[in-house]
Structures are given as C-alpha cells and as structure tokens.
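Okay, structure first, notes after.
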Ligand SMILES: Cc1cc2nc3c(=O)[nH]c(=O)nc-3n(C[C@H](O)[C@H](O)[C@H](O)COP(=O)(O)OP(=O)(O)OC[C@H]3O[C@@H](n4cnc5c(N)ncnc54)[C@H](O)[C@@H]3O)c2cc1C
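Numbering (our numbering), first residue to last: 81 to 500.
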C-alpha cells in the first residue's frame, strides 16, 4: 500500500533527545525542499536545562567530526556556550606507560558538550545544554515541543499517541525514545528494543593543571573495567567506565586508583549516574506510519551515538518525505542503511575483542605499544596504529575501514618491527 505525507500532515516525534530533534530538523529541511508544510510535535518531558540526571541523559558528550560537519546541512551552528572543550589529543594509559595520539589531521575536530544543565554540585555559572539547544533549534524552524511523557501509542487505522492529559492522532510516529526507558508502543507494533549494557559515570571538577584539550583513557586500570575515560568539559572532567556488571562505587574506586600529583588536588564526584548504552540493533523497528530512529533503532557500538543518531534520522526522514511512510518504503531504503551500521558494529566487536586480548597478553601488548610509539618518528600519514586507535576511541572512522587498515601490510609490518 502506498502511503505518503501530505500538506498539513501531523508527525508525532516521541522523545526530544538528539534523535528526536534531528528528526524534526531533517524533516523540516526535506519538507521545505518538497514545498509542503507539516505539523511536527515533539514529546519530551525532560527539562533539559535542569541540573544532574533530571536534565541529562547520561553521556560523555563527545561530538564527532562527522556530526559537526553534518549539522550545517540542517542550518545548525553550535553556539560557543554549548561547546565546553575542543579536544585535540588522547592520552592512553596502560601498565604505567602513556601513549599520546593527536588528531590525525586538523580537519578531524571533536568537541565536548553537556547534554543537560550540568552536574548537581557544580559551583558558579551553569553550562548550556546541548539537548536543549537542539530542541530550541527544531522549534525555531517550525516544530512544537510538548513537555509531556508519552504513556501509550496504539495502532488502529492511524497511530494514536497518548499523554496523561491528551491524545493525538498522527499520520506518522517517529520513535526516538533511546534505550533508557520503557518504550510506549503497544505490543501490536511488534517492536523489540536493542540489548543494552550499563555504564557508570560521574563529573569531577577539573584540576587546574589537568590538560583542557586531552581525553585520558585508562586501560587495565581496575578489575572488571574494560576502559575508563576522562573527558574535559570546560571546568569539569567527565569520567565514564565501561565494564562488566559495574556499580556506581566503581567510579570512586577508579578515581582513587588514578595517580594524581599533589598540585592537581583531589578528584571529587559532583553528580553520578548509571545510564544504559545500546549494544545491538532493535528488531521490527518500522512499519506502516511509524519508524524508530537513533538508539531506539540502531547505533554505532560504544562510540559516536549522537553522530549515528544524526545520520539514521537523516536517512529515515528522507524516505518519509520522498518515498513514503509505508513499511515497504522503510524496508527498501532505511533498513539497508541500518543493516550496514549493524554490520560495521560486527567489525567493531572484532576489533574490541582483539584489543582486549592484546591488553591481556603481555607479549602482544608490548608489540603493540612498541608499534605505536615507533610511529612518532613517522610522518602523520604513515601513523597507521595511531589512526586506528584514534578511530576506535572517537568513532570517527568506520570499524570496517579500521579493520582493513589493521590487516594491511604497513600495520602488520609495524607490529613485526617490535619482534626484532
Ligand atoms: C555513559 C555513556 C557515554 C556516552 N558517551 C557518548 C559520547 O561521548 N558521544 C556520543 O556521541 N554518544 C555517547 N553515548 C551514546 C549517546 O548517549 C546516545 O547514542 C544518544 O543519546 C542517542 O540519542 P537518542 O536521542 O536516540 O536517545 P536519548 O538521548 O536517550 O534520548 C531519548 C529521549 O527520549 C525521551 N523519552 C523517553 N521515553 C519517552 C516517552 N515515553 N515520552 C516522551 N519522551 C520520552 C527521553 O527523555 C530522552 O530525552 C554515550 C552513552 C552512554 C551510556
């Protein structure tokens, strides 16, 4: 059956995180191109300017190069107030050694932001919220924000979106609820949400001597923690831990285990949360008159979830405006795009597996450390292991491309140099 949006059609976007606001921005952009006017309602209960977990969704807040370049296409320029830090290098700490890697080239810019209004106990001026900024941009371009939680979505001839107070009949529903809450779709939709893993994080006051533009990654720092990352965000440092069955006290143990010089002072937690990260794709995530986007559909493994939300929403909304809103239309053009992300994540899993094995095998770890350090003498374009590491840490390159790079001669030769 052919289904299309028409002049004045109503689109209900459920969730006003990055995927919800990006959906609105792309939809408005394509609708302008096609010369139709749509009614866009974004349902989001969170006051994103609030402090702590009430405003924030629990995220390190690193924005990738591909996201920053993509935003211009929907007429969005990040304001100075939203950007907390520009990040130029990573310091990887492993077994007492520090490996420093810089941006492979100056065009690969990354920045950090706050998703909400900043940590609970941050003294002084409040930072600006990235999520609030995006939602305001979507509203300035024509969307309408309804500050309410969606309690239920039913599917009869048309989908109906329910809040505690009202109900809205929609021509199309865009599900952008992420993975941190129960989705409101009725079972008739057949939607199956992605698998998730718990991460723990906190915000700390950044000690005055701590580099403002360098992300610190700690490997093998603590039992059960695969990696711990300290990301500068203006006056603060975000600490995020990925590991097995982590609880909130893992953060304080992790902080205690980091050696801080006396002049850097103590590192005390200002907030603290245990958000979920998606580790697989959703199933049955579109149908006639509805489509899931962002984390609620598929995202890149461990990295660049916000950039991924930008591009899944772009593809889905292009289908919506130019190809239609039937299950068939999404299957033809949106599904293959999402499958490619899932396939790339399989390469990502392989790379992270190899990395974990390397870290736990002293001989391999030494080879790898020597290969990376010896690249410092090479011109930037020949620093293959550093580029792979930068790509894995930032999510800035496809895992598939990084795997290919790893299996090519120069990378293997680099490793073999360590044997001799
Ligand atoms: C610890 C951690 C660190 C991360 N670090 C990074 C990073 O540095 N960079 C990066 O790019 N990605 C990072 N990610 C991933 C990133 O957070 C997600 O990929 C991104 O938030 C996905 O955006 P989204 O809009 O799909 O979902 P969300 O950001 O989860 O937004 C969903 C929105 O829907 C709303 N909602 C939910 N249910 C309802 C309902 N019933 N009615 C109305 N609204 C509803 C919620 O309030 C929320 O605002 C990290 C994730 C974790 C867990």
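Glycine included, C-beta positions come from ideal geometry on N, C-alpha and C.
All of these numbers come straight from a predicted model, not from anything done at the bench.
Of the residues the options, the one placed nearest residue i, counting alpha carbons only
i           : options            : result
residue 226 : 178, 461, 95, 452  : 95
residue 244 : 232, 254, 126, 251 : 232
residue 305 : 381, 257, 279      : 279
residue 109 : 154, 212, 483      : 154
residue 246 : 434, 252, 256, 230 : 230
residue 485 : 496, 465, 327      : 465
residue 292 : 170, 375, 196      : 170
residue 123 : 142, 103, 114      : 103
residue 467 : 457, 402, 491      : 491
residue 130 : 472, 219, 473, 200 : 200
residue 132 : 197, 328, 389, 377 : 197
residue 190 : 237, 260, 148, 98  : 148
residue 312 : 386, 428, 192      : 192
residue 315 : 183, 146, 260, 164 : 164
residue 471 : 97, 145, 115       : 145
residue 496 : 176, 269, 448, 151 : 448
residue 392 : 275, 258, 309, 325 : 258
residue 371 : 301, 444, 330, 272 : 272
residue 384 : 242, 140, 399, 128 : 140
residue 207 : 180, 236, 159, 222 : 159
residue 186 : 483, 400, 461, 487 : 461
residue 453 : 354, 172, 414      : 172
residue 294 : 180, 351, 116, 234 : 180
residue 327 : 335, 354, 303, 350 : 354
residue 288 : 317, 167, 382      : 317
residue 439 : 137, 128, 175      : 175
residue 270 : 116, 407, 457      : 407
residue 301 : 228, 335, 446      : 335
residue 264 : 282, 309, 241      : 241
residue 431 : 350, 473, 456      : 473
heavy atom of ligand 1 below 8 Å from residue i C-beta
i           : result
residue 275 : no
residue 124 : yes
residue 383 : yes
residue 355 : yes
residue 140 : yes
residue 411 : no
residue 230 : yes
residue 444 : no
residue 177 : no
residue 211 : yes
residue 263 : yes
residue 188 : no
residue 426 : no
residue 376 : yes
residue 472 : no
residue 184 : no
residue 195 : yes
residue 279 : yes
residue 253 : no
residue 144 : yes
residue 147 : yes
residue 29  : The structure shown does not extend to residue 29, since the chain is modelled only from 81 through 500, so no value can be given for it.
residue 373 : yes
residue 260 : yes
residue 95  : yes
residue 335 : no
residue 389 : yes
residue 504 : Absent from the structure is residue 504, since the part of the chain shown begins at 81 and ends at 500.
residue 129 : no
residue 163 : no
residue 98  : yes
residue 386 : yes
Inter-residue CB distance, residue i and residue j (contact presumed, cutoff 8 Å)
i           : j           : result
residue 333 : residue 277 : Between residue 277 and residue 333 the Cβ distance is about 19 Å, and since that is not below 8 Å, they are no contact.
residue 426 : residue 494 : With a Cβ gap of about 25 Å, residue 426 and residue 494 do not count as contacting.
residue 348 : residue 284 : 6 Å
residue 537 : residue 106 : This structure cannot speak to residue 537, because the chain is shown only from 81 to 500.
residue 91  : residue 118 : 6 Å
residue 251 : residue 369 : 7 Å
residue 40  : residue 213 : Limits of the chain in this structure are 81 at one end and 500 at the other, which puts residue 40 out of reach.
residue 377 : residue 365 : 5 Å
residue 298 : residue 338 : 7 Å
residue 424 : residue 479 : 5 Å
residue 58  : residue 410 : Beyond the ends of the chain as shown, which are 81 and 500, falls residue 58; an answer cannot be given.
Alpha helix (DSSP H) segments (min. 4 residues) lying fully within the stretch 388-427: DSSP runs (the alpha helix (DSSP H)) wholly in the stretch 388-427: none.
Alpha helix (DSSP H) runs contained entirely in the stretch 116-177, provided each spans 4 or more residues: You should have 132-135, 145-151.
Sequence ranges, beta strand (DSSP E) only - wholly within the stretch 305-339, length at least 3: Counting whole runs of 3 or more residues, the stretch 305-339 contains the beta strand (DSSP E) stretches 305-313, 316-323.
Sequence ranges, alpha helix (DSSP H) only - wholly within the stretch 428-463, length at least 4: Qualifying alpha helix (DSSP H) stretches, in chain order: 442-454.
Uninterrupted alpha helix (DSSP H) stretches inside the stretch 189-229 (no shorter than 4 residues): For the stretch 189-229, the continuous alpha helix (DSSP H) assignments of 4+ residues that do not extend past its boundaries occur at 210-220, in sequence order.
Within the stretch 268-299, ranges of the beta strand (DSSP E) (whole runs, at least 3 residues): Counting only unbroken stretches of 3 or more residues, the beta strand (DSSP E) elements lying wholly within the stretch 268-299 are 276-278, 280-285, 294-299, in sequence order.
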